[in-house]
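Protein sequence lines, in the order shown, are assigned to chains A and B.
Take the first sequence: its letter number 2 is residue 2 in the numbering used here, and every next letter is one higher.
Take the second sequence: its letter number 48 is residue 219 in the numbering used here, and every next letter is one higher.
Even glycine gets a Cβ: it sits at the ideal position worked out from N, Cα and C.
The structure presented is a predicted model; accordingly, all values stated were derived computationally and were not measured.
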Amino acid sequence: MSVEVEVNENDLAEMVEQVWESYLDPEGVSPLIPTYDENQPSEVHSSVCITGSWTGHVVYASSTRAARRAAGAFLAMEPDEVSEEDMSDVLGELANIIGGNVKAMLPPGAFLSLPQVVLAPETTARYPSASRISGVYGLWDEEPVSISMWHSRGDTSSTTNTTNNNKEGAE
Amino acid sequence: MTPMRAMVIDDSRAMRMILKRIVTKLNFEAVEAGDGKEAVDLLTAMTEVPELALIDWNMPNMNGLEFVMHVRADPRLREMTLVMVTTESEQSQIVRALAAGAHEYVIKPFTEGAMIEKLALLGLVPTGANS
């Protein structure tokens, strides 16, 4: 019997909004402006893997400038003072926070990995057996930021129902 | 008056910074640890036990739940107030942490105000410290 998983773009957008409100834009002056462009470029990304009742990845991707700005916001530093290590740490924590909240919406029995950070663009080559099923794509102070959810094709434990069309093979 | 001490345990330096900023603002002296094992080592070396620990769940070496169980098994540490600060937001996980001996649970992402409210509920800061 398969379990239907419902995590739609509105759910992701709500989580993203909470992250902005809590850490990246507590003053509420610089929100993520939606572009709905799933092909927008990225230069760095981080991800967490979810296994168990649902198998896949949650990926946070952005330009390097946006990543520096995010690290600056977390660490109360100017973006140009941020080291590569700081940027990696914050990218990992962002994937962890969003992935953890996604996991909470999945059927019981899902497990979250520690985050992985890659200071290189997000490409489908990194998730060769997964399909993007949902995402939030936007500009933060004119810099691209995206949060996406990828379902592993080998996962027979669940079906995934999202408001977005399945993007398998479209990358 | 001697300030209270808080131990901030998270494998993310950025998250430790955020938590440290909050507790420092509330006049705590903050000590950082990058995982449960490092926190245990620090506590072993300390002569005075911190009043508060803010603990992430998912960490390498020793996770937050294991740390809570370790603290609760040690009579020297029984007065510590333990607050889980984590993305683990499933009801079953919250119950596990509270059953293991955590006093409170804060789900990431959290605002500074929400964290201060939780600490006020625990009686560690005056009510209204957030205003």
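Could you give the C-beta distance for residue i and residue j, rounded to a whole number, given that I count them as a contact under 8 Å?
i: residue 98 (chain A); j: residue 147 (chain A); result: 6 Å
i: residue 118 (chain A); j: residue 45 (chain A); result: 6 Å
i: residue 186 (chain B); j: residue 221 (chain B); result: The Cβ separation is near 18 Å, so there is no contact.
i: residue 176 (chain A); j: residue 143 (chain A); result: The structure shown does not extend to residue 176 (chain A), since chain A is modelled only from 1 to 171, so the question has no answer here.
i: residue 204 (chain B); j: residue 194 (chain B); result: About 14 Å; that fails the 8 Å criterion.
i: residue 269 (chain B); j: residue 225 (chain B); result: Actually they are not in contact, since the Cβ atoms of residue 269 (chain B) and residue 225 (chain B) sit about 15 Å apart, beyond 8 Å.
Please say whether residue j and residue i have beta carbons closer to each other than 7 Å?
i: residue 188 (chain B); j: residue 206 (chain B); result: no
i: residue 48 (chain A); j: residue 113 (chain A); result: yes
i: residue 43 (chain A); j: residue 134 (chain A); result: no
i: residue 271 (chain B); j: residue 255 (chain B); result: no
i: residue 86 (chain A); j: residue 71 (chain A); result: yes
i: residue 145 (chain A); j: residue 13 (chain A); result: no
I need the straight-line Cα distance from residue i to residue j, nearest angstrom please.
i: residue 278 (chain B); j: residue 257 (chain B); result: 5 Å
i: residue 247 (chain B); j: residue 241 (chain B); result: 11 Å
i: residue 215 (chain B); j: residue 276 (chain B); result: 25 Å
i: residue 2 (chain A); j: residue 260 (chain B); result: Unreliable placement is indicated for residue 2 (chain A), whose pLDDT of 42 sits below 50; no coordinate value is reported for it.
i: residue 26 (chain A); j: residue 149 (chain A); result: 25 Å
i: residue 164 (chain A); j: residue 75 (chain A); result: For residue 164 (chain A), the predicted model reports a pLDDT of 43, less than 50, meaning its position is unreliable; a value from the coordinates is still stated below. In a straight line, the C-alpha of residue 164 (chain A) is about 35 Å away from that of residue 75 (chain A).
i: residue 96 (chain A); j: residue 223 (chain B); result: 24 Å
i: residue 116 (chain A); j: residue 92 (chain A); result: 6 Å
i: residue 69 (chain A); j: residue 79 (chain A); result: 5 Å
i: residue 282 (chain B); j: residue 129 (chain A); result: 37 Å
Mind listing the chain C neighbours of residue i? Cutoff is C-beta to C-beta under 7 Å, in chain order.
i: residue 22 (chain A); result: Structure shown: chain C not included; protein chains present are A and B.
Could you please give me the residues that DSSP links to residue i through a beta bridge?
i: residue 239 (chain B); result: DSSP lists no partner for residue 239 (chain B).
i: residue 111 (chain A); result: A:51
i: residue 253 (chain B); result: B:224
i: residue 262 (chain B); result: Answer is none; residue 262 (chain B) lacks a bridge partner.
Can you tell me whether residue i is buried or exposed? The criterion is at least 16 other CB atoms within 10 Å of its CB, across all chains shown.
i: residue 111 (chain A); result: exposed
i: residue 33 (chain A); result: exposed
i: residue 89 (chain A); result: buried
i: residue 292 (chain B); result: exposed
i: residue 249 (chain B); result: exposed
i: residue 244 (chain B); result: exposed
i: residue 37 (chain A); result: exposed
i: residue 263 (chain B); result: exposed
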